[in-house]
Amino acid sequence: MTPGKVATGTGTAGTGTAGGRLLRLMPGLTLWLLAVPVLAGFAGTLAPAFGFDPLSGTGPGLAAFTTLAQWPGLRAAAWLSVTSGVGSTLLALLISLGVVATLIGRPGFATVQRLLSPLLSVPHAAAALGLAFLIAPSGWTARALSPWATGWMQPPDLLILNDPAGLALTLGLVAKETPFLLLMILAALPQTDARQRMTVAASLGYGRLAGFALTVLPALYAQLRLPVYAVLAYAMTAVEMAMILGPTLPPSLSVQVVTWATEPNLAHRGTAAAAALLQVVLVVGVLGLWRMGEMGVRRLVRHAARSGWRAARVDATLQPVLLGLALTPALALAAGLAGLSVWSVAGLWSFPDAWPEDLTLATWTRAAPGLWQASITSLTLALTATLAALVLALACLEAEHRFGLNPQAWVLWLLYLPLIVPQVAFLPGLQMLALSTGAIGGWAAVAAVHGVFVLPYVFLSVSAPYRAWDDRIAVQGAALGASAARVFWRLRLPMLLTPVLTAAAVGMAVSVGQYLPTLLIGGGRVETLTTEAVALSSGGNRRVIGAYALLQMALPAIAFGIALALPRLIYAKRRGMGVV
Amino acid sequence: MPLTRRQFAALAGASLLTSHAMAQDVTQDWEAVAQAARGQTVYWHAWGGDPKINDFIAFIGDQAQARYGVTLKHVKLADTADAVARVLAERDAGQITGGAVDLIWINGDNFAAMKAQGLLHGPFAERLPNWPLVDILGKPATVTDFTLPTEGYESPWAMAQLVFEYDSARLPTPPADLAGLKAFILANPGRFTYPQPPDYLGVTFLKQVMYGVMADPAILQSPSDPAAYDAAIAPLWAFLDDIHPSLWRSAKAFPANEPALGQLLADAEIDIAFAFNPGRASAEIAAGTLPDTVRTFVLDGGTLGNASFVAIPFNAAHRAGALVIADLILDPAVQAHAQDPAVLGFQTVLNLAALTPDDRARFDALSLGVATLPPAELGPALLEPHASWVTRIAEDWVARYGTAQ
């Protein structure tokens, strides 16, 4: 048995109280609450794919799959999804681990924590557009260098953006994924005794990076596994990033799903559903391959640990490289955002000017009024969905701990399904469920649907740190006379404040960013900041996009700021509670 | 048996009386509609990507509130298909009243799909009080949407005609016809492109080329003959094969849609763009997003024209209010406001000769905008081809050029 894991009570212990009985029911309740919408959504994807759609005109069968197979871009689109997904996740993981390994215990670490919050709050579409403006041949970099350095009076015809290999897309994905993984690592670090382990490794002569990789990483990765899977699933199914940065001939599979699903003549809804199923199969397959890769890496780490490889001299060369690699996407993201901000106040800005000809507040004055209501709606929806998801997740985890329950594999699949199935294929089924039960058009229905997408993220953010918490502390508490509930409220929860607040912040960011669910389930009655922003962004107007990006960032930035700053403030005087 | 004079007179008198009675019915009907609409909140689902259009819809809302006591809520969409999907889902779930969508800005394929599925309420357009002002004869696109007769299931609100935009500071003399455009493309590699089919504007460019290269474009008005299709369409592929190597990014990437194409022109990445709104360039110049040297041109022989419509779903919760809004959009004051280049630059659907002198004066007082061609110079509006042609060329384009080698 791994140290820190103590056998907790038997299945029936702790059910004496009413609260205990309620707690026992929570996993089942959560499962039901999640299963009904998720299965309805998935059924809504399966039905058109196999021809059970009144519009398909061909009746049940595999016609949709045949049409899909005949699409000439299928192989390239699937390959692009896989390469950009795996490549960006691998790079983001290496960069975030490298940054933590290099800066842990050093003053730079606090700076990293402070910078995370704004980087995490940039909406995906805005991040992609900012990056696009930065690297395009008519973008800011080219404008800053023209015509004095490059001699260009009009932009060159270079295929940098939308390149067929998907490099621009991978860069964009890395830029968004690295802060997220860093956040997850920071939430998981306190449960790994990182400082002590690094000290032991250093005293044995190991270099910093090797010490981290051999001592901290095994404990850390166990908590990081679920977030990494979520990042991998997102990278493979990203739509907005792929639309803006990715290749167009053919586009990635998820973009093609959206194109087919929104075709005006409704002819290819079956093909869209079939492609969505293919997407699910691809993601599952890649997750399986990643798992095998994990086992390979584990073997390597064990072998390195036993072989006495100190790697003390590698630090000097690798650390600057890793920091440089980390800085690039962060700077790119920040510069892209700065570019969009300038656009939001720009009048006419032609190539090759490095700065707008004149500045104007017209975009802001037009955008700001009337958004107050939308912001309040976004906030209340986010708070409700996140709070509900957090309560359910924590209750399930506590029940699992107290009654010795073991979630089965299919539970995890159910949880992950909303993340893996493309939303555009998942939502029609959900919409049908909502329409037939009459629970539609209202604020509550939208909050419930947001909850369906928020719960997986909240669960995966909080579950691993929760389970990794040292149970010996609970034993100590029990020995001092505390009941199970008291241990939870006075010991476990306060010590897990960082992961819980992180999970809440992630949940809020996810809820604020929901577009299709709010539009389809709300029927246009529920107006949030994101529904306004996405609709306006479809016009490609950089000024409007810039203004809305900054507005959309506000809520998640506050949430992430609280998640990162509050634990430090509360536990400023408790050294053992520091992240390091 | 032929009618006697007396029978004929009786019949003529009766029909005159009934039409007068029917006209009165419509007026009385309309009063009932306006009465029912008072206090309603109409949800108009319309594309929200252009702030100028959003402001115009807000203006209509103010007018509706002031004149009819109807509140208008603009549900901003990124894609009309979202509203269509909503109505479809409601129909499948059996919700035949109290639908979430009251009014949709729609045309072309979306309209054809909704009409075929029986998702629209109607006919209603011809019973609107302002309908007699619509220029049905001079602008046939107001009653025929992509060769499909509207039959009153949608009401027009703006005319559109394809115009090409260019920056006169970079390109002093634009091409005059399709052959000239091809020569320009070949002489200036990387300075022209079109949105990626099956996007609506991209397919429009293909249709425009078809009109220019086909031996007998008249066959486009009838359904495509599968046997003769390949031979008929071959000149289009020959044209594209010739120009693709000289396109922007060598045809290895295409802009996604109309706004993206406009952005390329604003960024000076291309020299010639095109759009469906003849007043778009002037409106953008007035808004300060395009340099004031941008001008427009059309091709000799005419360019494609169509109209934008609004339609009412069969299960709209606020049908009376929607009808009021549809009628208000046809009001001359509102149409003139839309045509103002400082507002939108949308061309009116109304017959100026049928307006009162005051209303006529509103239109005459409008400046065209520095980049807009006067109606006389716009050239003939070519009719949209039959839908069967369009579906096939969109699919064939994807098959031929959809994967960059």
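As given, the protein sequences belong to chains A and B, one line each in that order. Going by my numbering, the first sequence opens with residue 172, and the numbers climb by one from there. Going by my numbering, the second sequence opens with residue 14, and the numbers climb by one from there. Cβ coordinates follow ideal geometry from the N, Cα and C atoms, glycine included.
Within the continuous beta strand (DSSP E) that includes residue i, where are the two ends?
i                      : result
residue 323 of chain A : Segment: none, residue 323 of chain A is in no beta strand (DSSP E) and carries neither H nor E.
residue 178 of chain B : 176–180
residue 317 of chain B : 316–324
residue 54 of chain B  : 54–60
residue 87 of chain B  : 84–90
residue 119 of chain B : 116–119
Rounded to a whole number of angstroms, what is the C-alpha to C-alpha distance between residue i and residue j?
i                      : j                      : result
residue 98 of chain B  : residue 656 of chain A : 48 Å
residue 54 of chain B  : residue 119 of chain B : 20 Å
residue 159 of chain B : residue 677 of chain A : 47 Å
residue 88 of chain B  : residue 126 of chain B : 21 Å
residue 45 of chain B  : residue 114 of chain B : 22 Å
residue 631 of chain A : residue 399 of chain A : 10 Å
residue 239 of chain A : residue 416 of chain B : 15 Å
residue 497 of chain A : residue 250 of chain B : 47 Å
residue 352 of chain A : residue 263 of chain A : 7 Å
residue 331 of chain B : residue 347 of chain B : 22 Å
residue 322 of chain B : residue 435 of chain A : 15 Å
residue 692 of chain A : residue 536 of chain A : 30 Å
residue 183 of chain B : residue 446 of chain A : 44 Å
residue 198 of chain A : residue 577 of chain A : 10 Å
residue 414 of chain B : residue 247 of chain B : 15 Å
residue 96 of chain B  : residue 70 of chain B  : 17 Å
What do you get for residue i, buried or exposed, if any count of 16 or more other CB atoms within 10 angstroms of its CB means buried?
i                      : result
residue 282 of chain A : exposed
residue 180 of chain B : buried
residue 220 of chain B : buried
residue 360 of chain B : buried
residue 123 of chain B : buried
residue 68 of chain B  : exposed
residue 74 of chain B  : buried
residue 474 of chain A : exposed
residue 666 of chain A : buried
residue 737 of chain A : exposed
residue 741 of chain A : exposed
residue 603 of chain A : buried
residue 182 of chain A : Note that residue 182 of chain A scores 46 on pLDDT, short of 50, meaning its location in the model is unreliable and no value can be drawn from it.
residue 339 of chain B : buried
residue 466 of chain A : exposed
residue 701 of chain A : buried
residue 551 of chain A : exposed
So the alpha helix (DSSP H) residue i belongs to, where does it begin and stop?
i                      : result
residue 308 of chain B : Taken as a continuous stretch (DSSP letters only), residue 308 of chain B belongs to no alpha helix (DSSP H), being part of the beta strand (DSSP E) at 307–310.
residue 287 of chain B : Here residue 287 of chain B belongs to no alpha helix (DSSP H); instead the beta strand (DSSP E) covers 285–288.
residue 136 of chain B : Element bounds for residue 136 of chain B: n/a, residue is neither H nor E.
residue 391 of chain A : 388–408
residue 628 of chain A : 614–639
residue 357 of chain A : 338–359
residue 75 of chain B  : 64–81
residue 197 of chain A : 189–220
residue 689 of chain A : 687–693
residue 259 of chain A : 245–274
residue 595 of chain A : 594–608
Assuming residue i contacts residue j (C-beta within less than 8 Å), just tell me the rounded distance between them.
i                      : j                      : result
residue 342 of chain A : residue 503 of chain A : 7 Å
residue 715 of chain A : residue 499 of chain A : Not really, about 28 Å apart at Cβ, beyond 8 Å.
residue 625 of chain A : residue 734 of chain A : With a Cβ gap of about 15 Å, residue 625 of chain A and residue 734 of chain A do not count as contacting.
residue 592 of chain A : residue 457 of chain A : No, residue 592 of chain A and residue 457 of chain A are not in contact; Cβ-Cβ is about 15 Å, not under 8 Å.
residue 5 of chain B   : residue 613 of chain A : Absent from the structure is residue 5 of chain B, since the part of chain B shown begins at 14 and ends at 418.
Are there any heavy atoms of the ligand GTP lying less than 7 Å away from the beta-carbon of residue i, as far as the coordinates show?
i                      : result
residue 440 of chain A : You won't find the ligand GTP in this model; it holds no ligand whatsoever.
Going along chain C, which residues have a C-beta under 9 Å from residue i?
i                      : result
residue 414 of chain A : As a matter of chain content, chain C is missing from the structure shown, whose protein chains are A and B.
Query raised in the report: Does the stretch 251–269 of chain B come close enough to the stretch 401–421 of chain A that 3 or more CB-CB pairs lie under 8 Å?
Result: Under the Cβ criterion (8 Å, minimum of three pairs), the stretch 401–421 of chain A counts as touching the stretch 251–269 of chain B.
**Report entry** At least 3 beta-carbon pairs within less than 8 Å: the stretch 130–144 of chain B vs the stretch 106–113 of chain B
**Finding:** no
Query - Touch test, the stretch 535–547 of chain A against the stretch 327–338 of chain A, Cβ-Cβ under 8 Å, three pairs minimum - result: no
Query - contact_flag[the stretch 166–181 of chain B, the stretch 377–394 of chain B] where n(CB pairs < 8 Å) is 3 or more - result: Contact between the stretch 166–181 of chain B and the stretch 377–394 of chain B is established, with three or more Cβ pairs separated by less than 8 Å.
Query - Three CB pairs or more closer than 8 Å across the stretch 390–397 of chain A and the stretch 310–328 of chain A - result: no
Requested in this report: Count the C-beta pairs between the stretch 347–363 of chain A and the stretch 509–524 of chain A that are closer than 8 Å, then say yes if the count reaches three, no if not.
Outcome: no
Query raised in the report: Okay, do the stretch 298–312 of chain B and the stretch 145–162 of chain B touch, 3+ Cβ pairs below 8 Å being the bar?
Result: no
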